[in-house]
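S.K.:
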Amino acid sequence: MVKSIYIKLVAIILVLIVALLLVVGAFLMSGVRNFYVSAFYDQMREVFASADVAADLRAAAEGEGGAALLADILRANMGRLGVDATTRSFFVLDGETGQCLAGSNMAEGEHLTVTRNILTALAGGDGYASDPDEDFMDMALPLRGAGGSYILYVIDNKETVTRLNAELMGIVVRAIAVGLLISSLLGMLLAKTVVTPIQHLTRAAEKVAAGDFSEKVENETADEIGVLARTFNDMADQLETNIESLKNAERTRREFVANVSHELRTPVTSIRSYAETLGDAAGTLDGETERRFLEVIVSESDRLSKIVQDLLLLSRFDAGNLRFDYQQFSFEKSVRSVFDAQLLEAQRRGHDFRLEVRDDLPDIRGDRSRIEQVLINMVSNAIKYTPDGGCIRMTAGAAGDRVFCTVTDNGVGIPQEDQSRVFERFYRVDKARSRESGGTGLGLSIAYEIVERHDGRLELQSQPGKGTAITVWLPVGGPQHG
Ligand code: ADP
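Heads up: take any position in the sequence shown, counting from 1, add 13, and you land on the numbering used here.
(1) Taking 7 Å as the cut-off, does the CB of ARG362 come closer than this to any heavy atom belonging to ligand 1?
(2) Could you check if VAL392 is buried or exposed, using at least 16 other CB atoms within 10 Å of its CB as the buried criterion?
(3) Which same chain residues end up closer than 8 Å to TYR19 when comparing Cβ atoms and leaving out the 5 residues on each side of it in sequence?
(4) Is it buried or exposed for VAL442, if we count other Cβ within 10 angstroms and need 16 for buried?
(5) Taking Cβ positions, are PHE269 and ARG448 nearer each other than 8 Å?
(6) Which residues in the same chain have their Cβ closer than 7 Å to the Cβ of LEU41, if we skip the five residues on either side of it in sequence?
(7) Taking the alpha-carbon of ASP544 as reference, which of LEU114, GLN476, LYS444, LEU455 has the nearest alpha-carbon?
(8) Is any heavy atom of ligand 1 found at a distance shorter than 7 Å from the C-beta of THR481?
(9) Taking its Cβ as the centre, do 16 or more other Cβ atoms sit within 10 Å of THR128, making it buried, or is it exposed?
(10) Kindly indicate which residue of ALA67, TYR398, GLU172, ILE164 has the alpha-carbon position closest to the one of ALA445.
(11) Just the C-alpha distance for ASN170 and THR133, rounded to the nearest angstrom, thanks.
(12) When the Cα atoms are used, what is the spatial distance from VAL321 to PHE330?
(13) Classify ALA73: buried if its beta carbon has 16 or more other beta carbons within 10 angstroms, exposed otherwise.
(14) Run through the region 69 to 133 for me and flag every whole beta strand (DSSP E) of 3 or more residues, listed as ranges in chain order.
(15) How many angstroms separate the CA atom of PHE53 from the CA atom of LEU22?
(16) Span of the beta strand (DSSP E) holding SER143?
(17) Under three-state DSSP, which class holds ALA411?
(18) Taking the beta strand (DSSP E) that ASP365 falls in, what are its first and last residues?
(19) Touching or not, the region 400 to 415 and the region 429 to 438, by the rule of three or more beta carbon pairs under 8 Å?
(20) Just to confirm the assignment, what range does the alpha helix (DSSP H) spanning SER393 have?
(21) Should ARG406 be counted as a contact of ligand 1 given a C-beta to heavy atom distance under 7 Å?
(22) How big is the Cα-Cα spacing for ALA153 and ALA190?
(23) I'd like the span of the alpha helix (DSSP H) that includes GLY456, first residue to last.
(24) Measuring CA to CA, which of ARG362, ILE384, ARG378, ASP338 is closest to ARG349?
(25) Expressed to the nearest angstrom, what Euclidean distance is found between the alpha-carbon atoms of VAL464 and GLN386?
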């Protein structure tokens, strides 16, 4: 990966640098050429238009031996014309034939090509035209006098500009070589800043894939890679949380299955052993013993079916396919009917059981029988977990848009560390006592589910040895969704 990104970056930077240099080089070279050409024509026009040169030339053309005189005048102005030994020459041509009569370089003059500008001058016009495609530039000026007609001709072989451009080309090539060096270094630097965090990310991703969430990607930058690193960390956190909760759920499920098996085995075992004894000792047991044995079998069967019923109810809660029948009903009536139903049992245990309805209770929206089931569970727990002759109070009231019912007892109470767990399935502070009193350990967990579904709340306050107060709060308008 390091290699491929590095090579890609170097290639991109190199292509950019080369392209840039080539474009700049091409512009520079054509700029130099244009500048050189237009400077040549400006210079010529300036010299030949200047009053002194023009006057001298005209005078020379008037007399005899004009060509030699004209050549002398041009030679005297060689500096101004830029004529030198190698690149630029001047000639005096015959105005009728174009033949070279005199000049700065006679050897060259013998073989002069008849250019477009010479033709123009032969026809009597000023030949100042430039042809960018030619490897020379020239100008031809006709001059007519009494002594004859001539053409003043200056030609430049563009060697200066060709040399200059060759040098420019060399500079561009050297710049490209330096560009290669720079692009390799830059590529290395860029690859390092891009690749190193990606390597960190890859390492962390590999660990996450192997189930290890401990590695976090360090990257505080604000760029895309920083964002990616932070997103990755968030994702890993999320995954870790999800897996943790999945593990918890799995642990709860296992515990639940173990609890269910245990809870079911106990009554089944005792039913079986009593039934066996009854069978084995048929006819030898006295009527009283037989009756007691049968009673145990019946009560254990009851317990069994109660556990199964509760479990079925809970599983329907879990599956979410238990419809609640939400209706408007009198909360006060429900409280009173639960009180009435439980009064006999409370009295049987010698409890002082009283009801206090504080306010004018509004009707509420909810599933009446389920709410009553919650109240029954609260009261029957108070009766069960309070030694005979205790004091139990049921208090109902309204506060804002909620109603409440509190059941207070002065029973055994619940130790602080168990208080949050009594709503868990099968959780019982004192297993033996719960069993003795026919409890399944599921009552409060069912109550909790029912109250949740009503958007209500269960509150528990308890002190071991002093007593317990459990309160159900319900919104008057019922659940938000439902
Ligand atoms: P159970 O069928 O055992 O009563 P619940 O779910 O109704 O199951 O209650 C769970 C546990 O909470 C009980 O086993 C008991 O230990 C404790 N508990 C509930 N109510 C009271 C109470 N009023 N006083 C003391 N302990 C209570």
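All C-beta atoms, glycine included, are put in the ideal place defined by N, C-alpha and C.
M.R.: If we stick to the structure as given:
(1) In the sequence shown, residue 362 corresponds to position 349, counting from 1. No.
(2) Position 379 of the sequence shown, counted from the first residue, corresponds to residue 392. Classification for VAL392: buried.
(3) Taking the first residue of the sequence shown as position 1, residue 19 is located at position 6. Excluding positions up to five away in sequence, the list reads GLY200, MET201, ALA204, VAL208.
(4) Within the sequence shown, residue 442 is the residue found at index 429, counting from 1. By the 10 Å Cβ count, VAL442 comes out buried.
(5) Walking along the sequence shown from the start, residue 269 turns up at place 256. Walking along the sequence shown from the start, residue 448 turns up at place 435. No; because the gap between Cβ atoms is not below 8 Å, this pair is not in contact.
(6) Position 28 of the sequence shown, counted from the start, is the residue given in the question as residue 41. Counting only Cβ-Cβ distances below 7 Å, and skipping sequence neighbours, we find LEU181.
(7) Only positions 14 to 495 of the chain appear in this structure, which leaves residue 544 out of reach.
(8) Within the sequence shown, numbered from 1, the residue matching residue 481 stands at position 468. For ligand 1, at least one heavy atom lies less than 7 Å from the Cβ of THR481.
(9) Reading the sequence shown from its first residue, position 115 is the one you call residue 128. Label assigned to THR128: buried.
(10) On the sequence shown, position 432 is the one that residue 445 refers to. Nearest of ALA67, TYR398, GLU172, ILE164 to ALA445, Cα basis: TYR398.
(11) Within the sequence shown, numbered from 1, the residue matching residue 170 stands at position 157. Within the sequence shown, numbered from 1, the residue matching residue 133 stands at position 120. ASN170 and THR133: Cα-Cα distance of roughly 20 Å.
(12) Position 308 of the sequence shown holds residue 321. Position 317 of the sequence shown holds residue 330. If you take the alpha carbons of VAL321 and PHE330, they lie about 14 Å apart.
(13) Walking along the sequence shown from the start, residue 73 turns up at place 60. Classification for ALA73: buried.
(14) 101 to 107, 113 to 116
(15) Here the question's residue 53 lines up with position 40 in the sequence shown. Here the question's residue 22 lines up with position 9 in the sequence shown. Cα to Cα, PHE53 sits roughly 46 Å from LEU22.
(16) To locate residue 143, count along the sequence shown from 1; it is residue 130. Segment: none, SER143 is in no beta strand (DSSP E) and carries neither H nor E.
(17) As a working mapping, residue 411 is identified with position 398 in the sequence shown. If DSSP states are grouped into helix, strand and coil, ALA411 belongs with the strands.
(18) As a working note, residue 365 is residue 352 in the sequence shown. Taken as a continuous stretch (DSSP letters only), the beta strand (DSSP E) holding ASP365 covers 365 to 370.
(19) no
(20) Residue 393 sits at position 380 when you count from the first residue of the sequence shown. Per DSSP, SER393 belongs to the alpha helix (DSSP H) from 381 to 397.
(21) Taking the sequence shown and counting its residues from 1, the one referred to as residue 406 is at position 393. Result no, Cβ not under 7 Å from ligand 1.
(22) By 1-based counting over the sequence shown, the position of residue 153 is 140. By 1-based counting over the sequence shown, the position of residue 190 is 177. One C-alpha to the other measures close to 45 Å.
(23) Residue numbering aside, residue 456 sits at position 443 when the sequence shown is read from its first letter. Element bounds for GLY456: 456 to 466.
(24) For the purposes of this step, residue 349 is taken as residue 336 along the sequence shown, with counting starting at 1. Of ARG362, ILE384, ARG378, ASP338, the residue nearest in Cα terms is ILE384.
(25) The residue given as residue 464 occupies position 451 in the sequence shown. The residue given as residue 386 occupies position 373 in the sequence shown. Rounded to the nearest angstrom, the two C-alpha atoms are 10 Å apart.
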